[in-house]
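> For the protein sequence lines, the chains are A, B, C and D, in the order given.
Sequence positions in the first sequence follow numbering that gives the first Met the number 0 and run 0 to 262.
Sequence positions in the second sequence follow numbering that gives the first Met the number 0 and run 0 to 221.
Sequence positions in the third sequence follow numbering that gives the first Met the number 0 and run 0 to 68.
Sequence positions in the fourth sequence follow numbering that gives the first Met the number 0 and run 0 to 199.
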Amino acid sequence: MTLIDLANPTRFLALTARVLPWLAAATVALLAIGLYQSAVAPDDYQQGATVKIMFIHVPNAWLSMFVWGVMSIASLGTLVWRHPLADVAAKAAAPIGAAFTFLALLTGSLWGRPMWGTYWEWDARLTSVLILFLMYLGLMALWRAVDDPARAARAAAVLTLVGAINLPIIKFSVDWWNTLHQPASVMRMGGPALDRSFLIPLLVMAIAFTLLFVTLHLAAMRNEILRRRVRSLQMIQASRIAFSSELGAGPREGSASKGAGTA
Amino acid sequence: MTALAALIRRDIRIALRVGGGALIGVLFFLTVVVLMPFAVGPDLALLSRLGPAILWLGALLASLLTLDRLFMADHEDGSLDLIAMSRTPLELACAAKALAHWLAAGLPLIIATPVLGLLLNLDMVATGAVALTLLAGTPALTFTGMIGAALAVTLHRGGLLMAVLVLPLSIPVLIFGVAASQAAIVGPMSFGAPFSILCALSLVSLVVGPFAAAASLKHGLD
Amino acid sequence: MMTSLGPYASFIVTSYAAAALVVAILIGWVVLDHRSQTRRLRELDRSGITRRSGRSATDTPRTITRTIT
Amino acid sequence: MRLCGSGLTCVRGGREVFTGLDFDAAAGEAIAVVGRNGSGKTSLLRLIAGLLIPAGGTIALAGGDAELTLPEQCHYLGHRDALKPALSVAENLSFWADFLGGERFDAAESLAAVGLDHASDLPAAFLSAGQRRRLSLARLLTVHRPVWLLDEPTTALDVAGQDMFGGLMRDHLARGGLIIAATHAPLGIESRELRIGGTA
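#1: What does a CB cutoff of less than 8 angstroms around V18(A) pick up in its chain, not counting 5 residues either side in sequence?
#2: Looking at the secondary structure, which residues open and close the alpha helix (DSSP H) in which F54(A) lies?
#3: Hey, how far is the Cα of L62(A) from the Cα of F101(A)?
#4: Run the CB neighbour count on S46(C), radius 10 Å, all protein chains shown included, and call it buried at 16 or more, exposed below.
#5: Bridge partners of D23(D), per DSSP?
#6: Could you confirm whether any beta carbon from chain A is found closer than 9 angstroms to the beta carbon of R39(C)?
#7: Measuring alpha carbon to alpha carbon, tell me which residue in A124(D), A31(D), T8(D) and G100(D) is nearest I52(D).
#8: Note down, in chain order, every chain A residue with its Cβ under 8 angstroms from the Cβ of L117(B).
#9: With H, G and I counted as helix, E and B as strand and the rest as coil, what does DSSP make of L148(D)?
#10: With respect to the alpha helix (DSSP H) encompassing E192(D), which residues constitute its N-terminal and C-terminal limits?
#11: How about I130(A): is its C-beta nearer than 9 angstroms to some C-beta of chain B?
#12: For the beta strand (DSSP E) holding H155(B), just list the boundary residues, first then last.
#13: Three Cβ pairs or more, each shorter than 8 angstroms: is that satisfied between the segment 118–129 of chain A and the segment 196–206 of chain A?
#14: Cβ of M114(A) within 9 angstroms of Cβ of T49(A)?
#15: H216(A) by DSSP, collapsed to three states: which one?
#16: Whose CA, out of G55(D), G175(D) and G166(D), lies closest to the CA of G187(D)?
#17: State yes or no: is the beta carbon of K40(D) nearer than 9 angstroms to at least one beta carbon in chain B?
#18: Pull up the distance between the alpha-carbon of S37(A) and that of A18(C), whole angstroms please.
#19: Report the rounded CA-to-CA distance for A183(A) versus L43(B), giving the unit in angstroms.
#20: Counting Cβ pairs closer than 8 angstroms, one from the segment 62–72 of chain D and one from the segment 34–46 of chain D, do we hit at least three?
#21: Per the contact definition of three or more C-beta pairs closer than 8 angstroms, is the segment 40–49 of chain D in contact with the segment 85–104 of chain D?
#22: Using 10 angstroms around the beta-carbon of M188(B), count the other beta-carbons present and answer buried if the total reaches 16, otherwise exposed.
#23: For a contact meaning CB atoms closer than 8 angstroms, what does A140(A) contact in chain B?
#24: According to DSSP, simplified to helix, strand and coil, what is V185(A)?
#25: Between which residues of its own chain and S201(B) is the CB-CB distance below 7 angstroms, once the five residues before and five after are set aside?
#26: For the 8 angstroms Cβ check, are there 3 or more pairs between the segment 7–18 of chain B and the segment 94–104 of chain B?
#27: For a test of the three-state rule: what should DSSP assign to R16(B), helix, strand or coil?
#28: Using a beta-carbon distance below 9 angstroms, is A51(B) in contact with chain A?
#29: Is L76(D) helix, strand or coil when you go by DSSP?
#30: Quick check on DSSP: helix, strand or coil for A65(D)?
#31: As a quick exercise: from A162(B), N120(B), A211(B) and S169(B), pick the residue whose alpha carbon is nearest that of G116(A).
#32: Give the interface partners of I13(B) over in chain D, defined as CB-CB distance under 8 angstroms, in chain order.
#33: Among all the DSSP beta bridges, which residues are the ones paired with I58(D)?
#34: Am I right that F10(C) and I52(A) are in contact with their C-beta atoms under 8 angstroms? What's the rounded C-beta distance?
#35: Whole alpha helix (DSSP H) runs in the segment 16–53 of chain A with 4 or more residues, listed along the chain?
#36: Any Cβ of chain D within less than 9 angstroms of the Cβ of M134(A)?
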């Protein structure tokens with residue numbers, strides 16, 4: 000049977016139960032500070048107040064890549080060390096990563112609307128994030144398509160690692176494609192020359208969102224472990240039914256035929 | 000009536016559960032549409048001109064590719080035998096299956112259209128027009144595609160063969176679907192004429208599809 | 000502060016609201032999923048299926064099984 | 000009620016499987032169709048079920064429901080179980096009960112009769128071959144059909160399962176039902192033998 004080793008996850012569950020409240024509290028506190036700081040941050044002389052969108056856009060864009068990195072490490076764990084928690088970590092991260100990537104796209108296009116006059120521009124960065132988003136969705140579809148989690152885990156791990164290798168290539172090609180068509184450079188979002196008054200709230204928000212991801216990820220991993228436990232218990236239940244019915248076939252049969260007769 | 004409702008409910012349930020393919024169709028649609036600008040370039044004016052055509056092609060391919068296993072799965076596990084023997088006419092059962100497929104795989108395509116319209120720089124009116132034509136036209140795609148799915152059971156082959164069989168049948172739907180959306184966006188034709196033809200095509204396929212599929216299935220059950 | 004958001008206030012507010020909504024959905028998903036999984040585990044537990052019982056034919060007492068969750 | 004076939008000829012893939020086959024079954028009677036592999040046992044059942052079209056001859060059910068065709072009064076239990084792995088045991092059964100229609104009995108009791116009463120919430124994917132066969136048998140119990148067409152019904156069933164199934168078939172015959180089963184193994188109930196395709 001492909002039951003995951005239950006000893007390790009059990010210890011992991013105990014750890015999670017202890018750590019989660021603290022993590023959640025830290026996330027809330029840091030988010031509050033970050034939100035306050037971004038609220039009081041001054042307006043940009045060029046972009047005005049819309050620069051505030053950056054404070055959620057950039058952390059989400061950062062997370063969209065960070066989560067893929069986490070999944071890649073987990074995939075290595077699946078393929079190389081065959082660690083049972085690695086599958087769980089990779090699976091639990093995918094929907095969260097997709098959600099953050101979606102937010103990065105959404106806030107990016109809301110930021111772009113005042114700047115470009117259109118919600119969507121085939122700008123190199125946004126386009127790369129869009130492709131990343133599609134890859135997240137594909138990965139989630141892969142997890143959903145296969146019923147046996149162990150088999151799905153290996154396939155997903157291969158795909159994640161291939162994606163990790165391919166992402167820079169995709170980014171490079173998209174950049175090249177973009178400059179080919181649009182020599183006039185589009186406004187660069189969140190360029191490196193950032194004023195301290197923007198940098199600090201941005202950093203706080205980035206850390207807060209990263210903590211938020213860690214919290215959600217741990218909680219989702221716990222759910223996934225429980226889900227696998229339910230699954231393996233159901234399989235045990237199925238294997239025991241044959242056993243019990245051998246003992247109980249006689250009397251039950253009588254009651255059923257009686258029921259069928261009266262119906 | 001309960002029989003058909005039960006069939007629709009079961010098919011939707013399977014499509015949405017783990018292993019079901021309903022949402023993969025939307026993802027395919029999304030991917031195909033996102034690929035287009037890489038081929039034609041990110042020029043927004045060009046994209047908005049091609050937008051309706053791109054969306055229609057994407058929806059056409061997505062709805063046909065997910066149709067592949069409409070009857071095949073039921074054939075492989077023996078359900079189709081029981082469906083053919085039941086007191087429900089096979090034509091109605093086929094129609095119910097196609098309807099369930101459209102609800103689970105076709106409707107999400109239409110819901111995704113506004114988002115994709117945004118990517119292709121379509122304005123509100125254009126997006127609305129494309130969504131409306133898709134709403135009227137995708138039932139025709141599903142119900143003609145169903146014939147191919149039934150033939151796939153008869154021939155014991157699915158996949159590309161089915162696509163090759165069905166794609167020519169869906170040309171009229173494509174013509175009038177794109178024509179109606181273009182008419183709504185740039186004119187000069189009126190929206191009404193191609194749109195009513197599109198609706199007529201859907202209605203015809205609603206009638207013809209189930210009969211043709213059932214006829215094909217009846218000979219394929221050995 | 001709300002007055003200082005400038006002509007594009009609606010975009011800024013929408014961004015923050017969307018972020019809040021998505022995060023809320025994520026939290027809701029995690030919490031509801033946890034609840035349903037623990038409920039199913041409890042149901043299985045009540046019907047006498049324990050993690051050890053499948054391996055030995057006899058019913059082991061359910062002491063080792065779900066101490067956490 | 001009486002099921003008669005006369006002069007039946009079955010052609011499949013250009014090959015004549017059997018020709019001029021006559022059979023005759025009365026209510027309360029079980030027919031065991033025997034014969035070597037490829038002699039057309041399954042084809043005969045599928046002819047009766049209306050899933051194959053005979054190249055010659057007729058099949059008629061006398062004394063059944065005049066408003067219904069013969070296939071509509073038959074249960075067909077083929078090699079394949081007609082179960083969806085993504086659905087639970089109870090969902091699978093209730094779908095067939097709703098879809099097949101007609102007179103129906105309590106699904107929970109049928110599940111109990113085949114020994115699956117504790118499995119109703121399990122996904123069918125977790126069931127073993129024998130358990131899947133039991134679930135198919137529950138379909139025969141939940142929806143009433145006078146004629147049961149069974150193709151190798153006892154394969155995958157263990158000894159206890161075969162006993163259970165024997166009891167179910169006897170109940171069905173006692174209520175005036177009719178069974179035609181293609182089988183290699185003994186059916187486990189009193190039955191008349193119909194040999195096709197020469198000696199085994």
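In this text, a Cβ means the ideal position worked out from N, Cα and C, and glycines have one as well.
Note that the structure is a prediction, hence the values are computed from the model and not measured.
Quick answer:
#1: Counting from 1 along the first sequence, the entry for residue 18(A) is found at position 19. Hits under 8 angstroms: L217.
#2: Numbered from its first residue, the first sequence carries residue 54(A) at position 55. Residues M53 to L75.
#3: Along the first sequence, read from residue 1 onward, the residue named residue 62(A) stands at position 63. Along the first sequence, read from residue 1 onward, the residue named residue 101(A) stands at position 102. Going by the C-alpha atoms only, they are around 11 angstroms apart.
#4: Locating residue 46(C) in the third sequence gives position 47, where the first residue counts as 1. It is exposed - the Cβ of S46(C) has fewer than 16 other Cβ atoms within 10 Å.
#5: Residue 23(D) sits at position 24 when you count from the first residue of the fourth sequence. Looking at the DSSP output, D23(D) sits in a beta bridge with C3(D).
#6: On the third sequence, residue 39(C) is found 40 positions in, with the first residue counted as 1. Output row for R39(C): interface = yes.
#7: Position 53 of the fourth sequence, counting from 1, holds the residue named residue 52(D). Selected option, being the one with the closest Cα: T8(D).
#8: On the second sequence, residue 117(B) is found 118 positions in, with the first residue counted as 1. In chain order: S108, Y118 and W119.
#9: For this step, residue 148(D) is matched to residue 149 along the fourth sequence. Of the three classes helix, strand and coil, the one that applies to L148(D) here is strand, per DSSP.
#10: Counting from one through the fourth sequence, the residue named residue 192(D) turns up at place 193. E192(D) -> not in any alpha helix (DSSP H); beta strand (DSSP E) instead, spanning R191 to R194.
#11: Working through the first sequence from its first residue, we reach residue 130(A) at position 131. Yes, because at least one Cβ of chain B sits closer than 9 angstroms to the Cβ of I130(A).
#12: Residue mapping note: residue 155(B) aligns to position 156 of the second sequence, counting from 1. For H155(B), there is no enclosing beta strand (DSSP E), as DSSP marks it with neither H nor E.
#13: The segment 118–129 of chain A, when compared against the segment 196–206 of chain A, does not touch it at the 8 angstroms Cβ threshold.
#14: Sequence index remark: in the first sequence, residue 114(A) carries index 115 (1-based). Sequence index remark: in the first sequence, residue 49(A) carries index 50 (1-based). Yes, these two residues count as a Cβ contact at 9 angstroms.
#15: Mapped onto the first sequence, residue 216(A) falls at position 217. It is helical.
#16: To locate residue 187(D), count along the fourth sequence from 1; it is residue 188. Taking only the C-alpha atoms, the option nearest G187(D) is G166(D).
#17: Here residue 40(D) is taken as the residue at index 41 of the fourth sequence, counted from 1. Answer no: the Cβ-Cβ gap between K40(D) and chain B never drops below 9 angstroms.
#18: Residue 37(A) sits at position 38 when you count from the first residue of the first sequence. Residue 18(C) sits at position 19 when you count from the first residue of the third sequence. Looking at the two C-alpha atoms, the distance is approximately 14 angstroms.
#19: As a first step, residue 183(A) is located in the first sequence; it is residue number 184 there, counting from the start. As a first step, residue 43(B) is located in the second sequence; it is residue number 44 there, counting from the start. Its pLDDT being 42, under 50, A183(A) is placed unreliably in this model, and the value from its coordinates should be taken loosely. Roughly 14 angstroms between the two C-alpha positions.
#20: no
#21: no
#22: Residue numbering aside, residue 188(B) sits at position 189 when the second sequence is read from its first letter. Result: exposed.
#23: Position 141 of the first sequence holds residue 140(A). Chain B residues near A140(A): L22, I23 and L26.
#24: Here the question's residue 185(A) lines up with position 186 in the first sequence. Unreliable positioning characterises V185(A) in this predicted model, as indicated by a pLDDT of 42, which lies under 50. A coordinate reading is not provided.
#25: By 1-based counting over the second sequence, the position of residue 201(B) is 202. A135, G136, P138 and A139.
#26: Verdict: yes, contact present.
#27: Your numbering for residue 16(B) matches position 17 in the second sequence. In the structure shown, R16(B) sits in coil (DSSP, three-state: anything other than H, G, I, E or B).
#28: For the purposes of this step, residue 51(B) is taken as the residue at position 52 of the second sequence. Before going on, a small fix: residue 51(B) reads as Pro here, not Ala. So no, P51(B) is outside the interface.
#29: Within the fourth sequence, residue 76(D) is the residue found at index 77, counting from 1. In this structure, L76(D) counts as strand in the three-state DSSP scheme.
#30: Here the question's residue 65(D) lines up with position 66 in the fourth sequence. If DSSP states are grouped into helix, strand and coil, A65(D) belongs with coil.
#31: Here the question's residue 116(A) lines up with position 117 in the first sequence. The shortest Cα separation from G116(A) among A162(B), N120(B), A211(B) and S169(B) belongs to N120(B).
#32: Translated into the one-based positions of the second sequence, residue 13(B) becomes position 14. Those are K83, A85 and L86, listed as they occur along chain D.
#33: Here the question's residue 58(D) lines up with position 59 in the fourth sequence. According to DSSP, which records beta bridges pairwise, I58(D) is partnered with G4(D).
#34: Position 11 of the third sequence, counting from 1, holds the residue named residue 10(C). Position 53 of the first sequence, counting from 1, holds the residue named residue 52(A). Contact flag correct, Cβ pair sits at about 7 angstroms.
#35: none
#36: Position 135 of the first sequence, counted from the first residue, corresponds to residue 134(A). Answer no: the Cβ-Cβ gap between M134(A) and chain D never drops below 9 angstroms.
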